[in-house]
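Going by mature numbering (1 follows the signal peptide of the UniProt record, and there is no 0), the letters in the sequence shown line up with residues -20 to -1, 1 to 744, in that order.
The beta carbon of each residue, even a glycine, is placed where N, CA and C say it ideally should be.
The next block holds one structure in the form of structure tokens; read it before the comments.
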Amino acid sequence: MLRFTTLLLALLAFSVVARAQAGAGFGFEYRPVAKVVQGTDTLGNAWAGGLNTPQFSTIDLNNDGQNDLFAFDHESSRCYTFLSVAAPTAPGGRRWQYAPQYEALFPADLRQWALLRDYDCDGRPDLFTYINGGEIRVFRNVLVDGQPSFQLRTNQIRFSGPFAGTINLTIGGYNLPAIQDVNGDGKLDIMTYDFISATTIELYLNSSSGPCGNALDFTQVTGNWGGIQACSGCGSYQFNGQPCFTARPTHTGGHSLLLLDLDGDGDQDVLDGRDNCPELTRLLNQGTTLAPVLTPAGISSNFPSAATPVRVPVFPAGYSFDANFDGRPDLVVAPNMVNNVADQVSLRGHVQLFENTAATGAPNFAYRPAGFLQSDMLDVSEGAAPAIGDLDGDGLPDLLVGNHADRVSGVYRAALAYYRNEGTRARPVFRLVTADYLGLAAQQLQGLKPVLVDLNRDGALDLAYGAWKASGNALYYILNTAAAGQPVAFNAANAVSLKPQGAPLSGVLPRTRGDMPCFTDVDNDGYVDLLVGTNEVSEPGMSLRYFRNRGTGPLDNAFVLANNDFGGIREAGGARPDNLSPTVADFDGDGTLDLVTVDATGLLRFFANYRAQTGTFTERTNLLYNPISGQYESTRLGLGIYSHSALTTADLNGDGAPELLIGTQAGGILSYGTRNRIVTARQPEAARALALSIYPNPTTATATAETATPTRLTLLDLTGRVVRTPGPAQRRHALNLGGLAAGVYLVRVEGHNGAVTTQRLLVR
């Protein structure tokens, strides 16, 4: 027993050390970087990343006895997790708090749909999800160390019916099933539209033996529940071979189903949502669940009332849970389409909440204009792309957010949202000033990707952006006509597009929708170069391309191809990653610039000291610190061709470390801080021999940099942007810091023998 106890203690000690080591070293962690204010509202979940097509389920994530919230985004295949936390001043005494550390509990390859339902009656919801083109797989929720964990139960639910043997239960790739107890026997059943034509409702009862349905045996009891057939119009049905009854004519595709007892008669009624339709149609059952009676009088496309019916732009799906913490199940409705490529609708403010105001009996759903969760986030409809820079000349970094597009007044177009920083250097507060900065919405662009950068080396920020117009994408810039340190002066009428370089098929600038520009000095010559993340296939090259600024001639003709496969970035299987977005900064604090990318695999990739790398860069992907596991994990920012992310970086809170902002396909922004940055970097002997000294440090307007031998000096910000260009080599450099925003800068000196050293300079 003594030996066993000693061994156990040793193993526990090893586990603690291993976990501590796993969480040591540099990485990122989710960290809300600033308050965000829109109108009179301070957004409670500002940096949760927005919502487009969420599917909601409840689960106790932290084992505190409270139902928390899981959401799965249909379009981008991204998971969200929210905790129910105490909030004494909030209605119901609680609120939803974004808690991304729990997202890693769920399988990484979820696609199409994911619903949490308890099939084994152990009080913990299990996971039902899409697989194999429309079949259903199930993960059992097993508690491990007080946390849910999902263990594969089956990759294929099967059923028996009026034929010999059993076959796979297939619902197709676009239907969202109702997985609920239909007949009141305590077992989960499945109701869905047929996967071939999506016109008739199929009912599969759980035929597992015993009081619970944990065997997951199903029997199809009908392929035409209620004797109705969905016709080609929204709210249009055929009854037992009769002509179509039409509540509202349009066209249809897949369906979402939710079963509720809407009239309090003890059986299940149906809420039916259709692709390409805005309403959630009520099918009132006047019989029983197993012997339903549906009539035209029981069908309404103005549910829950004619005054405030459900109206979601495309394909509504309903979810029943207590959303407002009053103990009664409410109705939340959200779009459920695969993507917005063809529909081109607004995805802003369409996660709707209908509160259940009935104390008992049949629910009474009352529309709440504020919606659910989405209005509590920074959300610009879809495809958010952030940029950081001091726009008003007050020394504080402000925020611009471009978007893919939003439909406003009948026009589907992109715009720039401007959030002015009205906080302090240490505590930024971003307040929305306008949703259409510079009036770019009038140009009817799409895929607006902004960058704030000093292009003409005058010390003032210029505006560059990628955008799609008419039939082509281009990279534009607008030069700032104001002096450094003054409020910017941009005129959208003066936008200039960068000229393509070289003959066709010889490395011209990419011109593909969604091109992601990043301006940074790659070759360290004092001129900003251009990195472009692109899906371009008509020109030779891969996902990240490097265009060098040759430093002469007109600016619109300055960028020439240097490398059409910069870094040799590939997916795990060797394919080129789609939707790649790059950014550059000294993230790990070692005095050298790092490259970070994100792409449609959902992975952040970190390339340390990328200037020193050649060929295929060495990458790291276990970057995100999870406080639950105490380890660094890979990011899961979305999955698939419809998942787009956009990166930018800056020191937003004056702590000397750059924050990383990630714009999401869902129209919001995720905010990450750095963790365990290197405080001092080891320098080679030649660099130490330069004996760089900077004084005073911190400073306000001027500083002096001295070296043991003559050197050339460059002043950069933390993203690597040159803010003071090199002058002649000398031992003493007088630095004029007028016009620079307060913050941390990098003083870089280079000796005649190529030795380089860098120190930080704090400007107050």
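Pairing Leu695 with Arg704 gives a Cβ-Cβ distance under 8 angstroms.
A straight line joining the alpha-carbon of Val201 with that of Met317 spans about 29 angstroms. For Trp76, the closest of Arg400, Ala84 and Ala66 by C-alpha to C-alpha distance is Ala66. Put simply, of Ile111, Asn453 and Thr414 the residue whose alpha carbon is nearest the alpha carbon of Gln424 is Asn453.
C-alpha of Asp247 to C-alpha of Pro191: approximately 20 angstroms in a straight line.
Rounded to whole angstroms, the separation of the alpha carbons of Leu371 and Thr598 is 36 angstroms. Where Glu686 is concerned, the enclosing beta strand (DSSP E) starts and stops at Thr682 to Asp697.
Pro34 carries a strand assignment under DSSP once its states are collapsed to helix, strand and coil. With respect to the 8 angstroms criterion, His330 and Val292 are classified as neighbours on the basis of their beta carbons.
Counting only residues of its own chain and dropping the five nearest sequence neighbours on each side, Ser614 has a CB closer than 6 angstroms to the CB of Leu583, Thr601 and Asn602.
Excluding five sequence positions before and after Met522, the CB atoms of its chain that fall closer than 6 angstroms to its own CB belong to Asp545 and Arg556, given in chain order. Residues Ala735, Val736 and Thr737 of the same chain have their beta carbon placed closer than 8 angstroms to that of Ala667, with the five preceding and five following residues left out of the count. Taking the C-beta atoms as reference points, Phe301 is found no nearer than 8 angstroms to Thr33. Along the length of the region 424 to 496, whole beta strand (DSSP E) runs at least 3 residues long occupy 426 to 433, 442 to 449 and 452 to 458, reported in chain order. Sequence-distant Cβ neighbours of Gly373 in its own chain, meaning closer than 7 angstroms and more than five residues away, are Gly465, Gln466 and Pro467. In the three-state reduction of the DSSP assignment, Glu516 falls in the coil class, being assigned neither a helical nor a strand state.
Residue range Glu665 to Arg668 is occupied by the alpha helix (DSSP H) that includes Arg668. The continuous stretches of beta strand (DSSP E) do not include His732, and DSSP gives it neither H nor E. Each residue's CA atom was taken as its position, placing Pro664 and Ala709 some 21 angstroms apart. Judged by DSSP in its simplified three-state form, Gln611 adopts strand.
Gly569 is a Cβ neighbour of Ile658, given a cutoff of 8 angstroms. In the structure shown, Glu115 adopts extended strand secondary structure according to DSSP, grouped into three states. The criterion of a C-beta distance shorter than 8 angstroms is not satisfied by Gly571 and Val702. For Trp76, the enclosing beta strand (DSSP E) begins and ends at Arg74 to Tyr78. Rounded to whole angstroms, the gap between the alpha carbons of Gly731 and Pro480 is 36 angstroms. The C-alpha of Val325 lies about 16 angstroms from the C-alpha of His54. Beta-bridge pairing by DSSP links Ala66 to Arg74. Inside the region 319 to 394, DSSP marks whole beta strand (DSSP E) runs of 3 or more residues at positions 332 to 336, 345 to 348, 365 to 369, 378 to 382, 386 to 388 and 391 to 393, from first to last along the chain. Around the beta-carbon of Tyr675, fewer than 16 other beta-carbon atoms lie within 10 Å, marking it exposed.
Nearest in C-alpha terms to Gln332, of all of Asn319, Ala342 and Gly298, is Gly298. When the beta-carbon positions are compared, Ala394 and Gln426 come within less than 8 angstroms of each other.
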